[in-house]
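As structure tokens, the structure follows; a few thoughts come after it.
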Amino acid sequence: MKLSLATLKAASPSVRTPAYDVARLRAGMVHLGVGAFHRAHQAIFTDDAIEAAGGDWGVVGVSMRQPDVANALSAQDGLYTVETLDEAPSYRVAGAIRATLTLPQDPEAVLAAIADPAAHIVTLTVTEKGYCLAGGTLDLQHPDIVHDLAHPLAPRSAVGALAQGLAARQRHGAPMTIISCDNMVENGARLGRAVHALAERLDPGLAAWIETSIAFPETMVDSIVPATDAASRARVAQALGLTDEASVQREPYGQWVIEDRFAGPRPAWDQVGAQIVADVAPHRRLKLHVLNASHSALAYLGLVRGHEFVHQAMGDAQIRAFLEDLVETELAPGLPGLPVRDYWAKTAHRFANPMVDHRLAQIAQDGGLKLAERVYPVMIANARDGLPIARLGAIVRAWLEHMGAGSPDLDLLPQEIRRDPILRAAILGAAQ
Ligand code: CS2
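Just add 4 to wherever you are in the sequence shown, counting from 1, and you've got our numbering.
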């Protein structure tokens with residue numbers, strides 16, 4: 005039997021299920037990119053917030069390209085299981101996702117969901133490349149943006165869906181909060197500028213309304229969510245007594261820091277562990293440049309040394325020593341005022357969790373875009389301040405070698421890095 009509203013009562017009593025009436029929950033939010041990270045992170049904060057304080061905060065989850073996840077969820081009435089990978093794994097069924105759509109198949113419905121006056125918030129996890137940015141602003145030459153300008157009612161990009169959804173929303177004028185939940189520097193401001201830039205080209209009146217009525221808070225999101233695999237699916241089925249084609253797995257740790265800049269109401273996220281703060285930047289700098297940067301280091305250094313998972317690469321004395329040196333000599337001095345060493349100690353403990361089979365290959369994807377957020381900003385600042393950058397350079401080199409099957413392909417570097425003699429020397433290894 006498959007998990008659904010009809011079978012939920014048959015789920016094993018050891019599995020936590022929603023303490024609210026899922027069937028009566030209505031949607032108050034839209035999420036673009038309903039992948040594993042959203043289901044394991046924001047949707048769980050939302051599920052907790054609904055349990056704690058009520059409210060019609062159901063989520064319309066949108067698949068941006070392939071219909072598979074949306075179809076699997078809709079066949080289960082939006083229900084899915086989260087497996088938490090602790091010493092003894094635990095399981096809960098989440099009910100926050102109330103409807104699913106696939107953008108290429110249902111563009112009108114996606115735009116209508118964004119325009120719906122009952123919806124107050126859009127959240128996004130579309131990965132770095134989903135923002136179609138170049139140099140921090142919207143790339144008007146990006147094929148998806150070129151497409152969305154020509155066919156605004158059938159957008160392909162998140163930015164296109166938001167601009168056109170807001171165009172429909174402007175008719176009734178209700179404000180909205182749009183929250184980027186991807187690992188990027190200035191994620192809120194950049195998304196805001198991108199949506200504004202596209203709107204400007206569609207209709208300057210729309211762009212002006214967006215400026216006054218739509219909030220784009222900054223965020224930092226954190227939880228390690230390995231791609232769902234057959235082993236996790238099997239454990240879920242065993243624990244639940246039902247099959248689940250949309251389950252996800254995650255580590256116990258989860259953090260969400262959101263800038264206190266909402267245009268309207270929000271779920272009681274602050275009552276269930278999310279931090280609503282005036283300034284996200286210090287939290288995000290720590291996370292991006294310590295956790296995500298060392299994650300990328302583990303991926304590129306670990307794969308070439310024959311490791312498959314993060315916890316294995318963490319057990320490699322040479323890699324571990326590299327990371328400790330990186331933190332001590334380059335990250336701690338490069339991020340003054342932040343508790344870098346303490347944060348790293350906790351992060352190292354999380355990375356070493358043997359229950360979490362997080363594939364290095366998953367982290368290695370999209371290296372060019374990821375390093376631009378995680379590594380280059382500290383590398384550039386350290387070089388400017390006369391601080392060491394050899395290890396940061398070594399991460400970049402390891403990525404270039406990963407891409408070039410052993411020989412670094414310098415053409416992959418952005419011009420400002422390639423042309424800077426100090427950065428270039430650090431990457432080529434001549435700086436030590
Ligand atoms: C990882 C992140 O895949 C990656 O590039 O570094 O997804 C990481 O697992 C999360 O940001 C943790 O919050």
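Even for Gly, the Cβ is constructed at its ideal location relative to N, Cα and C.
Among Leu29, Gly134, Thr129, the one whose alpha carbon lies nearest that of Ala123: The residue you call residue 123 lines up with position 119 of the sequence shown. Ala123 has its Cα closest to that of Leu29, out of Leu29, Gly134, Thr129.
Any heavy atom of the ligand CS2 closer than 8 Å to the Cβ of His35? The residue you call residue 35 lines up with position 31 of the sequence shown. Answer for His35: no, Cβ out of range of the ligand CS2.
Give the straight-line distance between the Cα atoms of Ser227 and Leu295, rounded to the nearest whole angstrom. Along the sequence shown, one-based indexing puts residue 227 at 223. Along the sequence shown, one-based indexing puts residue 295 at 291. About 11 Å.
Go through its chain and collect everything with a Cβ distance to Leu246's Cβ below 8 Å, but skip five positions before and after it. Position 242 of the sequence shown, counted from the start, is the residue given in the question as residue 246. Only Met5, Lys6, Leu7, Thr11, Ala14, Ala15 meet the Cβ criterion.
Below 8 Å on the Cβ atoms is my contact criterion, and I expect Val314 with Leu364 to pass it. Report the Cβ-Cβ distance as a whole number of Å. The residue given as residue 314 occupies position 310 in the sequence shown. The residue given as residue 364 occupies position 360 in the sequence shown. Contact holds; Cβ gap of about 6 Å.
From Leu302, Glu420, Gly164, pick the residue whose C-alpha is nearest to that of Thr351; which is it? For the purposes of this step, residue 351 is taken as the residue at position 347 of the sequence shown. Checked all of Leu302, Glu420, Gly164; the closest Cα to Thr351 is Leu302.
Quick one: Cα of Asp424 to Cα of Arg378, how far? Looking up residue 424 in the sequence shown gives position 420. Looking up residue 378 in the sequence shown gives position 374. Cα to Cα, Asp424 sits roughly 18 Å from Arg378.
Mind reading off the beta-carbon distance from Thr50 to Ala74? Whole number of angstroms is fine, and I expect it under 8 Å. Numbered from 1 along the sequence shown, position 46 holds the residue referred to as residue 50. Numbered from 1 along the sequence shown, position 70 holds the residue referred to as residue 74. Their Cβ separation, rounded to whole angstroms, is 18 Å, which puts Thr50 and Ala74 out of contact at 8 Å.
Assuming Ala31 is part of the beta strand (DSSP E), what are its boundary residues? Here residue 31 refers to the residue found at position 27 of the sequence shown. That run of the beta strand (DSSP E) goes 31 to 36.
Own chain partners of Ala98 with C-beta closer than 8 Å, once the 5 adjacent residues on each side are dropped: Within the sequence shown, residue 98 is the residue found at index 94, counting from 1. Excluding positions up to five away in sequence, the list reads Pro22, Arg43, Ala47, Ile48, Asp51, Leu83, Tyr84, Thr85, Val86.
Can you tell me where the beta strand (DSSP E) holding Trp260 begins and where it ends? Looking up residue 260 in the sequence shown gives position 256. Segment 259 to 263, the beta strand (DSSP E) holding Trp260.
So Thr131 and Asp370 are in contact, right, with Cβ under 8 Å, and what is the actual spacing, rounded? As a working mapping, residue 131 is identified with position 127 in the sequence shown. As a working mapping, residue 370 is identified with position 366 in the sequence shown. Rounded, the Cβ-Cβ distance is 7 Å, consistent with contact.
Using the C-alpha atoms, what's the distance from Asp60 back to Val382? Position 378 of the sequence shown holds residue 382. Position 56 of the sequence shown holds residue 60. Val382 and Asp60: Cα-Cα distance of roughly 42 Å.
Limits of the unbroken alpha helix (DSSP H) element including Arg345: Here the question's residue 345 lines up with position 341 in the sequence shown. That run of the alpha helix (DSSP H) goes 344 to 355.
Excluding sequence positions up to five away, which residues of its chain have a Cβ less than 7 Å from the Cβ of Gly209? Mapped onto the sequence shown, residue 209 falls at position 205. So the list is empty, once near-sequence residues are dropped.
How big is the Cα-Cα spacing for Ala193 and Val344? For the purposes of this step, residue 193 is identified with residue 189 of the sequence shown, where counting begins at 1. For the purposes of this step, residue 344 is identified with residue 340 of the sequence shown, where counting begins at 1. So the two alpha carbons sit approximately 25 Å from each other.
Taking the straight line between their C-alpha atoms, what separation do you get for Gly169 and Thr216? Within the sequence shown, the letter at position 165 stands for residue 169. Within the sequence shown, the letter at position 212 stands for residue 216. Gly169 and Thr216: Cα-Cα distance of roughly 16 Å.
Report buried or exposed for Arg160, applying the criterion of at least 16 other Cβ atoms within 10 angstroms of its Cβ. Within the sequence shown, the letter at position 156 stands for residue 160. With 16 or more other Cβ atoms within 10 Å, it is buried.
As assigned by DSSP and simplified to three states, the class of Phe49: As a first step, residue 49 is located in the sequence shown; it is residue number 45 there, counting from the start. In the structure shown, Phe49 sits in a helix (DSSP, three-state: H, G or I).
In or out: Ala119 buried (at least 16 other Cβ within 10 Å) or exposed? As a first step, residue 119 is located in the sequence shown; it is residue number 115 there, counting from the start. With 16 or more other Cβ atoms within 10 Å, it is buried.
Validate contact between the segment 268 to 280 and the segment 320 to 336 using beta carbons, cut 8 Å, 3 pairs: no
Can at least three beta-carbon pairs, one atom from the segment 136 to 153 and one from the segment 178 to 186, be found at a separation below 8 Å? no
With H, G and I counted as helix, E and B as strand and the rest as coil, what does DSSP make of Met68? Numbered from 1 along the sequence shown, position 64 holds the residue referred to as residue 68. In the structure shown, Met68 sits in coil (DSSP, three-state: anything other than H, G, I, E or B).
Is the separation between the beta-carbon of Phe255 and that of Arg175 shorter than 9 Å? Walking along the sequence shown from the start, residue 255 turns up at place 251. Walking along the sequence shown from the start, residue 175 turns up at place 171. In the sequence under discussion, the amino acid at residue 255 is Glu, which differs from the Phe named in the question. No, they are not a contact pair.
I need the straight-line Cα distance from Met407 to Tyr95, nearest angstrom please. Position 403 of the sequence shown, counted from the first residue, corresponds to residue 407. Position 91 of the sequence shown, counted from the first residue, corresponds to residue 95. Approximately 38 Å between the Cα atoms of the pair.
Cβ-heavy atom distance between Asp226 and the ligand CS2 below 8 Å? Taking the sequence shown and counting its residues from 1, the one referred to as residue 226 is at position 222. Yes, the ligand CS2 has a heavy atom inside 8 Å of this Cβ.
So, does the segment 107 to 116 touch the segment 150 to 164, judging by three or more C-beta pairs under 8 Å? yes
Comparing the CB of Val276 with every heavy atom of the ligand CS2, is any distance shorter than 8 Å? Position 272 of the sequence shown, counted from the first residue, corresponds to residue 276. Val276 Cβ: outside cutoff for every heavy atom of the ligand CS2.
With respect to 8 Å, is the separation between the Cβ of His362 and the closest non-hydrogen atom of the ligand CS2 below this value? By 1-based counting over the sequence shown, the position of residue 362 is 358. Because some heavy atom of the ligand CS2 lies under 8 Å away, the Cβ of His362 counts as near it: yes.
Nearest-angstrom Cα separation, counted from Gly62 out to Phe266: Taking the first residue of the sequence shown as position 1, residue 266 is located at position 262. Taking the first residue of the sequence shown as position 1, residue 62 is located at position 58. Each residue's Cα considered, the two are about 18 Å apart.
Would you say Leu327 touches the ligand CS2, meaning its beta carbon is less than 8 Å from a heavy atom? Sequence index remark: in the sequence shown, residue 327 carries index 323 (1-based). Not under cutoff, so the answer is no.
Limits of the alpha helix (DSSP H) - the one that Glu91 falls within: The residue given as residue 91 occupies position 87 in the sequence shown. Looking at the DSSP string, Glu91 is not in any alpha helix (DSSP H), and its letter there is neither H nor E.
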